[in-house]
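Novice: Residue numbers (the numbering used here), protein chains in the order written: chain A, 1 to 94; chain B, 95 to 486.
Positions of the beta carbon are idealized from the N, C-alpha and C atoms, including for glycine.
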């Protein structure tokens, strides 16, 4: 078990390093997960804009995938996807 | 050094102008409004370099001030009463994150009923948040205390926020002759603010304001207690340095004819001015009366207060607020506790007074000393908790 520090050993004001949220894998909180349908997708990147967990991966202006280690399955990407039929569907994550 | 006519609010705004903070995030509330209003005028006239953020509530004012402070800015705001109450949830965060915010706080009664006049219930209500509390008796002290507070709060062994009070309307809106220092002398006195870990230091990014679970919260609060303990000596040290530079020395409290006094009152804020005149009158009649004017309420200088009062026979603690503990006001409770260990302790009683701006005159203070004389004569305390000036 990691050593529990005394109050004298702690950094002032409980300052911690930045960017540690990435190490906390919230992906296992999901009930449903988003699934991408490449043939329907127009790469408008609306899903990337609305994702609250920065879990839509984009490269060269195109959708490339979901970060399933952090995606909490909120479904905003699917809800906002403008194509008909939608290019993202939420399915039960077993 | 110039002699000028200023109200308490004007004096605090002037101190802020000379401090020239990086950020002021403010919302108005009577009777503190003028401080930030006058300061906003300084901003508009280009007399300061401050980034002035006009927010939509005191909750945001304190949030923005705290954020700015953690980002490495020297940040200030000012408020009263309900405004301070609306800042409630951020106040303990400011001390936990070690933000040396300096905030003028114009003492005004907490609602209800709604009342815009002076009492100490607002800042007393926030006495457990890890903020330093320095009370000003008059306009000169208001000016001097704001400047000293910057050095105190930012001191390496302190780094917790500080509020500097004045009595609402009584001092905030009362014009007095004061001495103000030269801009450069104030600038030299306060020095530069350098925060070790700041949000805007992009070379060393940090997370501030993280979550703690049961295993670390306690350890993260303990340093704030230590900082508050350290603050006492720092306040004395800065008070002496201020005296050397500007001619007026400050301490944890002021003893007025207390050393040989049989009867004494403990009082904070402007009422001390009235009490001083009463003490002089009593002394003319050969009554050994004295006064302890408490300047620093947080940290609470228990040992020093006990030593100062230990030779008296009866003490009345004046509280301009009721803590509704059913055991009297906050200052009474803490002074009484300070005297617990003193072997020959004086009899001690509480006079709750001046709530909602209820005026307290020399007659009223005389009646307090009369009560103390009666206690010495009879050897008995009839009523421990008294309400001075209340219509029964």
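Going along the chain, which residues of the stretch 8-34 of chain A sit with their C-beta nearer than 9 Å to a C-beta in chain B?
Specialist: The residues in question are 8, 9, 10, 11, 12, 13, 14, 15, 16, 17, 18, 19, 20 and 21.
Novice: For residue 300/B, return the contacting residues in chain A, with the cut-off set at a CB-CB distance below 8 Å.
Specialist: 15, 16, 17 and 18
Novice: List, from N- to C-terminal side, the alpha helix (DSSP H) runs of 4 residues or more that fit wholly inside the stretch 421-480 of chain B.
Specialist: 424-432 and 456-472
Novice: For residue 153/B versus residue 180/B, is the C-beta distance shorter than 7 Å?
Specialist: yes
Novice: In terms of alpha-carbon separation, which member of 310/B, 442/B, 280/B and 100/B lies closest to residue 8/A?
Specialist: Per the Cα distances, 310/B.
Novice: Select from the stretch 152-168 of chain B all residues with a C-beta closer than 7 Å to any C-beta belonging to chain A, and list them in chain order.
Specialist: Result list empty, no residue passes.
Novice: Do you know offhand how far residue 1/A's Cα is from residue 406/B's?
Specialist: 57 Å
Novice: Apart from the five residues just before and just after residue 40/A, which ones in its own chain have a Cβ nearer than 8 Å to its Cβ?
Specialist: 83, 85, 86 and 87
Novice: Roughly how many angstroms separate the alpha carbons of residue 160/B and residue 183/B, rounded to a whole number?
Specialist: 12 Å
Novice: Quick one: give me the first and last residue of the alpha helix (DSSP H) that residue 153/B is part of.
Specialist: 152-164
Novice: I think residue 58/A touches residue 64/A, with their Cβ atoms under 8 Å apart; what is that distance to the nearest whole Å?
Specialist: 6 Å
Novice: In the structure shown, what three-state DSSP assignment does residue 274/B receive?
Specialist: strand
Novice: What three-state label does DSSP hand residue 237/B in the structure shown?
Specialist: helix
Novice: Classify residue 252/B as buried or exposed, calling it buried when 16 or more other Cβ atoms lie within 10 Å of its own Cβ.
Specialist: Taking all protein chains in view, the Cβ of residue 252/B is crowded by 16 or more other Cβ atoms within 10 Å, so the residue is classified as buried.
Novice: Name, please, each residue of chain A whose Cβ falls closer than 9 Å to the Cβ of residue 211/B.
Specialist: Those within 9 Å of residue 211/B in chain A number zero; the least Cβ separation is about 37 Å.
Novice: Spatial neighbours of residue 78/A within its chain, please: C-beta separation below 7 Å, excluding the five flanking residues on both sides.
Specialist: 34, 86, 88, 89 and 90
Novice: Listing by chain order, which chain A residues have their CB less than 8 Å from the CB of residue 190/B?
Specialist: Result: 13 and 14.
Novice: When the Cα atoms are used, what is the spatial distance from residue 387/B to residue 294/B?
Specialist: 42 Å
Novice: Does the ligand ZN have a heavy atom nearer than 6 Å to the CB of residue 171/B?
Specialist: Absence of the ligand ZN from the depicted structure is noted, as is the absence of any ligand whatsoever, leaving it without description.
Novice: Checking the sheet assignment: what are the DSSP bridge partners for residue 347/B?
Specialist: 388/B
Novice: By Cβ distance below 8 Å, which residues in the same chain neighbour residue 402/B in space, the five residues on each side in sequence not counted?
Specialist: 347, 349, 352 and 386
Novice: Contact criterion: CB-CB distance below 7 Å. Does residue 314/B meet it with respect to chain A?
Specialist: Between residue 314/B and chain A, the shortest Cβ-Cβ separation is below 7 Å.
Novice: Using the three-state DSSP reduction, which class does residue 65/A fall into: helix, strand or coil?
Specialist: Correct three-state label for residue 65/A: strand.
Novice: Here's the rule I'm using: 16 or more other beta-carbon atoms within 10 Å means buried, otherwise exposed. How should residue 343/B be labelled?
Specialist: Counting Cβ neighbours within 10 Å, residue 343/B comes out exposed, since fewer than 16 surround it.
Novice: Look up residue 95/B in the DSSP assignment and give the residues it is bridged to.
Specialist: Per DSSP, none; premise fails for residue 95/B.
Novice: With a 10 Å radius around its C-beta and 16 neighbouring C-beta atoms as the bar for buried, classify residue 103/B as buried or exposed.
Specialist: buried
Novice: Give me, in chain order, the residues of the same chain whose beta-carbon lies closer than 8 Å to that of residue 454/B; leave out the 5 immediate sequence neighbours on both sides.
Specialist: The residues 365, 368, 447, 448, 482 and 483, in chain order, have a CB closer than 8 Å to that of residue 454/B in the same chain once the five nearest residues on each side in sequence are set aside.
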